[in-house]
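In what follows, a single structure is set out as C-alpha cells and then discussed.
Residue numbers (the numbering used here): -6 to 462.
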C-alpha cells in the first residue's frame, strides 16, 4: 500500500511507531495525573499541557518528519489558545461578564481558536504535497480543509466506552490501570492509522478520484491487503464504538442544548464510517478476484473481532490459483451456494446460542424471526448489487420497529412531534444506527457477491477479472 503515498508522506509513516509511543505515553501520563495527582493548579496545568502536546503533535508530525521544523512548531503553538480556553472560558465569561448568553461567546472563541491551526495545517500540507490536479486549487483546498476537520474530530476516542469491554477482567485497581493503559495504546494506534488514512484520502482528492469508491479497480497485492485491512478495520470498529456511545448521549439532548462540536463529531464519524466500510468491503472482494478464489463466509468473518484474524491471515497468505479464468467462473455458483449454506448455519447457531444462553425469564422468542430475515438478506445481497441500498435499511427498520413507531408517534399532536422529534438531535442517533447497518451489510454483500451472479455474462465477467491479474 506504500506505493499509494508520496515521498513526504512515506517519511511521516516510516516512523509512525514513534508517534504511537509518544501519544500513548502522554495519554497514560494524563490518566495518572488526573486520577492519582492532587487537585492543584500545577497538576491541572500539566494535564492541559500534555493534552495540547499529544493532540497538536498529530498535526505537526508530518512536518517534523520532513524537516519542516518551523511549520511543525507554529502548528503546535497555534493550538495553545484552543486547549487553554476550551475548558475554562465558559465559566470565566459567565462569572465576569453580565451577558445572558455567554455560551455564544464560548462557541465563537472555541471555533475561532480551533479553525486557525487547522487552516494553517491544511495550507502548509497542501503546498508541500505539490500535487497536480484537474480541479481548481481553491476547490481542492476546500475539500482538503473539510477532510482535515474530519481528521481533527476522530483522532480521539472515548476511553470509558472501550473500558466496558474489559471491565469484567478484574476489580483490582492495578489491573484497571493496566487495562486503561492498554486502551490508550489502542487509541494511539487508531490515531496513527487515521493519519495514514488521511494521507490516502487526500491523495485521491488531488488525483480527482472517487472517495465513495476508495479503491481503484486493480490487483490487490499482499502488502496492500495487509495495510489496507489493518487501517480500515481498526478505524471502522473504533469509530462504531465511539459513535454508539455518543449516539446514546445525544438522544437525550434538546435541540438548543447540544454543542456544534458534537454535531461535527457525528458528521465526521458518518464520513469515516462510510469510507472505511466501503474500503474494507471492496478490499475483500478485489483480493478474492486477484487470487482467483471465492472465500465467501471467510470474508464475512472479517466483521467479527478476533475471528477476523482467520479471514485476515487466509487472505494474506493465500497463493494465486493457477486455474484459468473460465474454470474459475464455472465453479463460482457452486462455491457461493456452499458458502451461503455455511453462513446460514452459523447465523442460526449464533441466534440459538444467544437465546438459550440467556436466563429463562429473560428469553424473548421473537429473536427467532431474525433467522429467515438474515437468510433472505444474505441471498439477496449475494445476488443483486442494488440490494445494498435496500436490505440494510429494511433490516434496521424491522429490528427497531417499536422504537421507530415511538418516534413517529403523533398522538400528542403534530406540533409536539415537530418540537420534540424533528427539532431534536435524536435524528443523529437514528442516522448512526442506519449507517452501522449499511456498512455491516455492504461488507456482507462484497463478501459473497460477484458481478457474474447478477449479469450471468461470462465474457463480460472474464474481462473484469483480467483487470485484477
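By construction, the Cβ of each residue, glycine as well, lies at the ideal position given by its N, Cα and C atoms.
*In or out: residue 299 buried (at least 16 other Cβ within 10 Å) or exposed?*
So residue 299 ends up on the exposed side.
*asked:* Measuring only the C-alpha atoms, how far is residue 320 from residue 365?
replied: 33 Å
_Rounded Cβ spacing between residue 67 and residue 118 (contact assumed at less than 8 Å)_ = No, residue 67 and residue 118 are not in contact; Cβ-Cβ is about 13 Å, not under 8 Å.
_Whether or not the region 195 to 212 and the region 39 to 50 are in contact is what I'm after, with contact meaning three or more pairs of Cβ atoms, one per stretch, closer than 8 Å; do they touch?_
no
*Going by C-alpha distance, which of 49, 27 and 48 is nearest residue 39?*
Of 49, 27 and 48, the smallest CA-CA separation from residue 39 is found for 27.
*Pairwise C-alpha distance: residue 109 and residue 260*: For residue 260 and residue 109, the distance between alpha carbons rounds to 20 Å.
_Quick check on the burial criterion: 16 or more other C-beta atoms within 10 angstroms. Buried or exposed for residue 357?_
exposed
*What do you reckon, are the CB atoms on residue 148 and residue 51 nearer than 7 Å?*
yes
_Mapping the DSSP letters down to three states, classify residue 375 as helix, strand or coil._
helix
*Proximity below 7 Å, CB of residue 29 to CB of residue 192*: No, they are not a contact pair.
*In three-state terms, what does DSSP make of residue 316?*
coil
*So does the region 439 to 451 actually touch the region 369 to 378, counting three or more Cβ pairs closer than 8 Å?*
yes
*residue 145 lies in the alpha helix (DSSP H); which residues open and close that run?*
Run containing residue 145: 130 to 147, per the alpha helix (DSSP H) assignment.
*Whole angstroms is fine: what's the gap from residue 348's alpha carbon to residue 360's?*
7 Å
*Nonlocal neighbours in the same chain, by C-beta distance under 6 Å from residue 464, ignoring five residues either side*: A question about residue 464 goes unanswered here, because the residues of the chain that appear run from -6 up to 462.
*Proximity to residue 435 [Cα-Cα], best of 208, 273 and 189*: Checking every option, the nearest Cα to that of residue 435 belongs to 273.
*Separation of residue 35 from residue 424, as counted between CA atoms*: For residue 424 and residue 35, the distance between alpha carbons rounds to 43 Å.
*Examine the Cβ distances between the region 303 to 311 and the region 207 to 222 and report whether three or more of them are shorter than 8 Å.*
Contact holds: three or more Cβ-Cβ distances are below 8 Å.
*asked:* Here's the rule: buried if 16 or more other CB atoms are within 10 angstroms of the residue's CB, otherwise exposed. What is residue 173?
replied: Burial call: buried.
*Helix, strand or coil: which one does DSSP assign to residue 392?*
Per DSSP, reduced to three states, the secondary structure at residue 392 is helical.
*Assigned secondary structure, residue 285 (DSSP; H/G/I helix, E/B strand, else coil)*: coil
_Which of the three DSSP states is assigned to residue 210 in this structure?_
coil
*Could you check how far apart the C-beta atoms of residue 234 and residue 189 are, in whole angstroms? I think they sit under 8 Å.*
With a Cβ gap of about 20 Å, residue 234 and residue 189 do not count as contacting.
*asked:* Please list the terminal residues of the continuous alpha helix (DSSP H) segment that includes residue 173.
replied: 166 to 199
*Take the Cβ of residue 350 as the centre, count every other Cβ of all protein chains shown within 10 Å, and call the residue buried at 16 or more, exposed below.*
By the C-beta density criterion, residue 350 is exposed, having fewer than 16 other C-beta atoms within 10 angstroms.
*Hey, how far is the Cα of residue 256 from the Cα of residue 322?*
Pairing residue 256 with residue 322, the inter-Cα distance amounts to about 47 Å.
*Is there contact here, the region 289 to 298 with the region 168 to 185, by at least three beta-carbon pairs under 8 Å?*
no
*Report yes if the C-beta distance between residue 275 and residue 213 is below 7 Å; otherwise report no.*
no
*Report the residue from 315, 268, 302 and 232 whose alpha carbon sits nearest the alpha carbon of residue 284.*
315
*asked:* Can you find the residues in the same chain that come closer than 7 Å, C-beta to C-beta, to residue 22, ignoring five residues on each side of it along the sequence?
replied: Cβ neighbours of residue 22 beyond the five flanking positions: 43.
*Using beta-carbon positions only, say whether residue 13 and residue 181 come within less than 7 Å of one another.*
yes
*Length of the line joining the Cα atoms of residue 340 and residue 430*: 16 Å
*Between which two residues does the alpha helix (DSSP H) containing residue 329 stretch?*
325 to 349
*Reducing DSSP to helix, strand and coil, say where residue 449 ends up.*
coil
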